[in-house]
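Student:
In the UniProt record's numbering, the protein residues as written are 1 to 813.
1. In the structure shown, what three-state DSSP assignment does residue 344 receive?
2. If you draw a straight line from the C-alpha of residue 398 to the C-alpha of residue 296, how long is it?
3. On the premise that residue 44 lies in contact with residue 56, defined as a C-beta separation below 8 angstroms, what is that separation, rounded to the nearest angstrom?
4. For residue 219, which residues from the same chain have a beta carbon less than 6 angstroms from its beta carbon, with the 5 sequence-adjacent residues on both sides left out?
5. So residue 785 and residue 773 are supposed to be a Cβ contact under 8 angstroms. How far apart are they, rounded?
6. Mapping the DSSP letters down to three states, classify residue 724 as helix, strand or coil.
7. Kindly indicate which three-state DSSP category residue 447 falls into: helix, strand or coil?
8. Which stretch, first to last residue, makes up the alpha helix (DSSP H) that contains residue 438?
9. In three-state terms, what does DSSP make of residue 733?
10. Please report the straight-line C-alpha distance between residue 199 and residue 236, rounded to a whole angstrom.
11. Ordered along the chain, which non-local residues of its own chain (more than five positions away) have a Cβ less than 8 angstroms from that of residue 316?
12. Just to confirm the assignment: which complete beta strand (DSSP E) runs, minimum length 3, are found wholly within the region 392-430?
13. Distance, Cα to Cα, residue 523 vs residue 585?
14. Decide yes or no for the touch test of the region 712-724 against the region 429-439: beta carbon pairs closer than 8 angstroms, at least 3 of them.
15. Looking at the secondary structure, which residues open and close the beta strand (DSSP E) in which residue 778 lies?
16. Kindly list the residues whose CB is nearer than 6 angstroms to the CB of residue 839, restricted to its own chain and excluding five residues on each side of it in sequence; keep chain order.
17. If we ignore side chains and look at the alpha-carbon of each, how far apart do residue 180 and residue 206 end up?
18. Residue 148: buried (16+ other C-beta within 10 angstroms of its C-beta) or exposed?
19. Where are the alpha helix (DSSP H) runs, 4 residues long or more, that stay fully inside the region 514-580, in chain order?
20. DSSP three-state label for residue 476, please.
21. Does the Cβ of residue 400 have 16 or more other Cβ atoms within 10 Å, making it buried, or fewer, making it exposed?
22. So, with DSSP's three-state summary, where would you put residue 610?
23. Using 8 angstroms as the Cβ pair cut-off and three pairs as the minimum, do the region 355-367 and the region 303-316 touch?
24. For a minimum of 4 consecutive residues, which ranges assigned as the alpha helix (DSSP H) are wholly contained in the region 653-708?
25. Just the Cα atoms here: how many angstroms apart are residue 567 and residue 499?
26. Assign residue 612 to buried or exposed, taking buried as 16 or more other Cβ atoms, counted over all protein chains shown, within 10 Å of its Cβ.
27. If you compare alpha carbons, which of 664, 489, 84 is closest to residue 696?
28. Just to confirm, are residue 529 and residue 562 a CB contact at a threshold of 8 angstroms?
29. Out of 491, 472, 492, which has the shortest C-alpha to C-alpha gap to residue 830?
30. Where does the unbroken alpha helix (DSSP H) through residue 137 begin, and where does it stop?
31. Who are the near neighbours of residue 778 in its chain, counting only those whose CB is closer than 7 angstroms to its CB and skipping five residues on each side?
32. One question on the structure: do residue 334 and residue 268 come within less than 8 angstroms of each other, judged by their Cβ atoms?
33. For residue 496, which three-state DSSP category applies?
34. Going by DSSP, what residues sit across from residue 312 in a beta bridge?
35. Taking the straight line between their C-alpha atoms, what separation do you get for residue 410 and residue 451?
36. Taking only three categories from DSSP, how would you classify residue 796?
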């Protein structure tokens, strides 16, 4: 008997299953082909990397300013790695717990939503996954059954083309949070004032639920509604055991603050500058210290509230070690049209006033022309028709380089520049990063040292870093990715000497740390400047760690009378300096080996050790560079004799003998001559020691007599004057200089009043009562001087001008 074959019985039964599987496979292939076809016919339109707004960030990631996209939307680029894990936990738990398991659509969630709709006759749950929400965000669609089907299709597309991480990042960057705010990072800053990575549980729950109904749940408009929605999320987190009861209880205690919806606006002009510079970047990281930036902006705003209307200011603070800008204030008030708040004064070209003088003296040190105590003369001088005067119109006579720089005297600076050459000086500055702009058709000239060109605050601050970096100037850096750029401006020795001079200059102004409670005064090397017509007030400071500059003025260039560097910009500069931390990242280098201290003698300028005692009229300790001990500058435009060492023949009566003249007991004497223009300021002993012996009788005149004496006519020395009573006009005298045909400059109490030619009359106004000194000074140094007293007018009875001498007839009221 044959054994039955089991397969003969199962074969017929297996055919239906095979047909079913074949049909299923064909259907699946068909669906797949249809899906591929639909994907090709209806491609995804994903947001590209260049869509959205641009955010400019501080060094620590704090937004400084955001720029909306073309639709006016504020969106700060972020990713899951940059967001608080508490937020991600709340978001995924509340919105889509199966996010990492479903293919874009969750059938169970859809079934639950459908059952709720049938049971309650209204939508209790939408059943949308996070992927479906992303689909609606990137491609808006109607809230209908058809729209839901399209949304599901798009969700499948998203899952097919993107990873879960990419889908989540799209949500984090594009979810709506009310108003123009999109993305969790922008929402965190707008509503919470902090980055998304720093959210608490309460804040995470609030922002997790906010996109469900951005208009209804906005905390700035509906804080109570927002709190109830937040608490719902907190309960869910507790019910699912993700957050403990204590954590949820603490979170519910946090108030939902009604913070006004706003975008940050710090370092606004720098942000605008960088946004224009990098138009394709959506996340620009700067070097700015956010907290310090805000503090300085507040200080500037408060300080300028006491200054004249329309006054603006700029502040730049640079780290000397890295050249990174930590503070950039381009305007006093970005939103104030009266102050032209849109104008960036950090990079506006303005006259620098006297702020270039430290570099001039540094270059002269490097050239071996001066030491820190070289003798200069602050007196009226003529430089080929250019006659500079000091800011206060007074002159000081013989001064050292240190005094000339600390007092910011103009004539000595022009004198030094004349000997160096304006073209060379300008070229040296350009090599160090200070590019000067001249008026149309203009070229470098002597006026450049007094502000006769223009430059930028950022150029000045970059150049001043040389005094903390051994003479190497740098370009301020504003981007974290920007490489440092630096160039040699001065030698290490010259930079050290100039910084020592600037840091030993006392400043008795408001805000200066004179008492040492904030910072040691000698740690700040500072220089001020004021442009012509009070248009620009400057103050630049240097410490071991920082270089900082302040500009104050009106952006439209109109004058601000009475506002100048020392009284306007310097107090604010010291205020800023007191706010800066001591990082000790750039400790001051010791005195370079090229710098040494040497005692020198005035008026000759040589070493005291090699100068005879009788020729050393003023002994001073000078910083010298590379051992150079240059003599005092020779006088210009004097054909007869020069200041310095002079040897003459004299007779027994100490009378000078000319070349063909001889006398009894003939011998030579050596004199240490002061520069001729300094003689009006010499004391009696110094004047006598340097006086030229008189010419012996019968001797022919020699070339030394070119500086003929002059005298003042019109009033006697020691006169006492009184203005007429009840006269509103100030007292004045009319004087003449006799004995010369040269131009004569007239000084009242050291202040230049004007000039005359030869014996032409000169009117000098005596506005104030008291003792006064009048000096007539010729171009070759000959001078005459007298003193007089002005009494206040009598209280009663009119009368003529009274004087104790008969020589005051030229005085007029």
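Every residue gets a Cβ at the ideal spot worked out from N, C-alpha and C, and that includes glycine.
Tutor: Quick look at the numbers:
1. Three-state DSSP puts residue 344 in coil, outside helix and strand.
2. Taking C-alpha positions only, residue 398 is separated from residue 296 by approximately 41 angstroms.
3. Going by Cβ atoms, the distance from residue 56 to residue 44 rounds to 30 angstroms, so no, they are not a contact pair.
4. If we look at residue 219 and ignore the five residues flanking it on each side, its Cβ neighbours are 191, 226, 256.
5. That pair is a contact at about 6 angstroms.
6. In the three-state DSSP reduction, residue 724 falls in the coil class, being neither helix nor strand.
7. DSSP places residue 447 in helix when its eight states are reduced to three.
8. Membership of residue 438 in any alpha helix (DSSP H) is not indicated, and neither H nor E is assigned to it by DSSP.
9. Three-state DSSP puts residue 733 in a strand.
10. Approximately 18 angstroms between the Cα atoms of the pair.
11. Once the five neighbours on either side are set aside, the close Cβ partners of residue 316 are 325, 327, 328, 329, 346, 457, 458, 461, 476, 548, 549.
12. Listed in chain order, they are 397-400.
13. For the pair residue 523 and residue 585, the Cα-to-Cα distance works out to about 15 angstroms.
14. No, the region 712-724 does not touch the region 429-439.
15. Here the beta strand (DSSP E) through residue 778 covers 770-778.
16. The chain is shown only over 1 to 813; residue 839 falls outside these bounds and no answer can be derived.
17. Rounded to the nearest whole angstrom, the C-alpha separation of residue 180 and residue 206 is 18 angstroms.
18. With 16 or more other Cβ atoms within 10 Å, it is buried.
19. Counting only runs of 4 or more, we get 570-579.
20. Looking at residue 476 - three-state DSSP - the assignment turns out to be coil, as it is neither helix nor strand.
21. By the C-beta density criterion, residue 400 is buried, having at least 16 other C-beta atoms within 10 angstroms.
22. In the structure shown, residue 610 sits in a helix (DSSP, three-state: H, G or I).
23. The region 355-367 vs the region 303-316: no contact.
24. Here the runs fully enclosed are 684-690.
25. Distance between the alpha carbons of residue 567 and residue 499: 22 angstroms.
26. With fewer than 16 Cβ atoms within 10 Å of its Cβ, residue 612 is classed as exposed.
27. Of the candidates 664, 489, 84, 664 places its Cα closest to the Cα of residue 696.
28. Pairing residue 529 with residue 562 gives a Cβ-Cβ distance that is not under 8 angstroms.
29. Because the chain spans 1 through 813 in this model, residue 830 falls outside it and cannot be assessed.
30. Its alpha helix (DSSP H) spans residues 130-138.
31. Excluding its 5 nearest sequence neighbours in each direction, residue 778 has C-beta neighbours in its own chain below 7 angstroms: 710, 740, 742, 744, listed in chain order.
32. Their beta carbons are under 8 angstroms apart, which means residue 334 touches residue 268 by this criterion.
33. Looking at residue 496 - three-state DSSP - the assignment turns out to be helix.
34. Residue 312 is bridged by DSSP to 553.
35. Answer to the nearest angstrom: the Cα atoms are 11 angstroms apart.
36. Unreliable placement is indicated for residue 796, whose pLDDT of 43 sits below 50; the coordinate value is still reported in the next sentence. Three-state result, residue 796: coil.
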